Amino acid sequence: MEYDESVLTQRVDDVDQRVCEAGRGGHRMTFHCARCNTILGDSFGVCGEMKSLDSIMCLRVTSDVVIGDVMEPGHKGEMANCFYSLLKCRSCFSAVGKVIHSAPSRLATIRSLFLLDKANIACYILDSRSMVKASALTFDLQPLGPKIVEMSQQVKAKLDHMSHVKSRLADGSVTDELDK
Ligand SMILES: [Zn+2]
Numbered sequence: 001m002e003y004d005e006s007v008l009t010q011r012v013d014d015v016d017q018r019v020c021e022a023g024r025g026g027h028r029m030t031f032h033c034a035r036c037n038t039i040l041g042d043s044f045g046v047c048g049e050m051k052s053l054d055s056i057m058c059l060r061v062t063s064d065v066v067i068g069d070v071m072e073p074g075h076k077g078e079m080a081n082c083f084y085s086l087l088k089c090r091s092c093f094s095a096v097g098k099v100i101h102s103a104p105s106r107l108a109t110i111r112s113l114f115l116l117d118k119a120n121i122a123c124y125i126l127d128s129r130s131m132v133k134a135s136a137l138t139f140d141l142q143p144l145g146p147k148i149v150e151m152s153q154q155v156k157a158k159l160d161h162m163s164h165v166k167s168r169l170a171d172g173s174v175t176d177e178l179d180k
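Residue numbers (the UniProt record's numbering): 1 to 180.
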């Protein structure tokens with residue numbers, strides 16, 4: 001993808017109503033590190049928005065998103081009692097989001113999804129060739145979003161179970177595990 005840097009920089013702050021609705025209207029866009037413009041994901045990977053965390057929920061991101069060490073859970077705020085890792089931009093090491101590994105039930109449905117911080121993400125909208133702040137857009141994909149999240153959880157649960165069975169088989173300790 002080629003674009004003129006100077007035009008993009010100009011338009012980052014030039015947000016009008018038309019652009020505000022871009023996320024909602026199903027426009028195709030790429031997600032970039034707000035600091036260095038590295039591509040971190042795209043709209044095909046989006047499955048909704050987590051308003052309480054001001055984050056875009058993504059099923060997948062590019063290999064330029066680095067998953068950090070697991071953080072100890074805190075006791076306050078939205079992330080209370082959650083084990084999570086920060087997501088960082090591979091190019092400039094800015095924190096660009098987080099992924100939750102384990103969480104209380106209120107956040108259970110977004111475990112293992114990539115949560116990109118809207119404050120640290122810029123969006124390049126392909127149709128209008130404009131770069132805007134993610135915080136100016138909404139990414140609600142109702143009612144499909146929750147279904148995809150639910151499906152991804154189910155797939156993950158199956159995978160977890162399969163790898164558990166596989167490891168039990170590998171050490172030869174169990175055979176009846178397959179019946180579950
Ligand atoms: Zn960056």
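Virtual Cβ for every residue (Gly too), placed ideally from N, Cα, C. Everything numeric in this text was worked out from a predicted model, so none of it was measured.
Screening all residues for a C-beta within a distance smaller than 6 Å of any heavy atom in ligand 1 leaves C33, R35, C36, T38, C89, S91, C92, S94, in chain order. Annotation: the stretch 74 to 150 contains the following complete segments of the beta strand (DSSP E) (minimum length 3 residues), in chain order: 83 to 89, 95 to 102, 114 to 117, 121 to 125, 130 to 133. Shown here for D42: same chain residues with a beta carbon closer than 6 Å to its own, the five before and five after excluded, namely T30 in chain order. Excluding residues up to 5 positions away in sequence, V70, P73, H101, S102 lie with their Cβ nearer than 6 Å to the Cβ of F83 in the same chain. Excluding the 5 residues flanking it on each side, R28 has same chain C-beta neighbours closer than 8 Å at D42, S43, F44, I125, L126, D127, in chain order. Comparing C-alpha distances from A136 to each of D117, V165, M162, V66 shows the shortest one belongs to D117. Cβ contact annotation for R60 (same chain, cutoff 6 Å, sequence separation greater than five): G45, in chain order. Secondary structure at H27: coil, using DSSP grouped into helix, strand and coil. The distance from the Cβ of L113 to that of M57 is about 5 Å, consistent with a contact at the 8 Å cut-off.
Here S152 has C47, L59, S112, L113 as same chain residues with Cβ atoms under 8 Å from its own Cβ, once five neighbours each way along the sequence are excluded.
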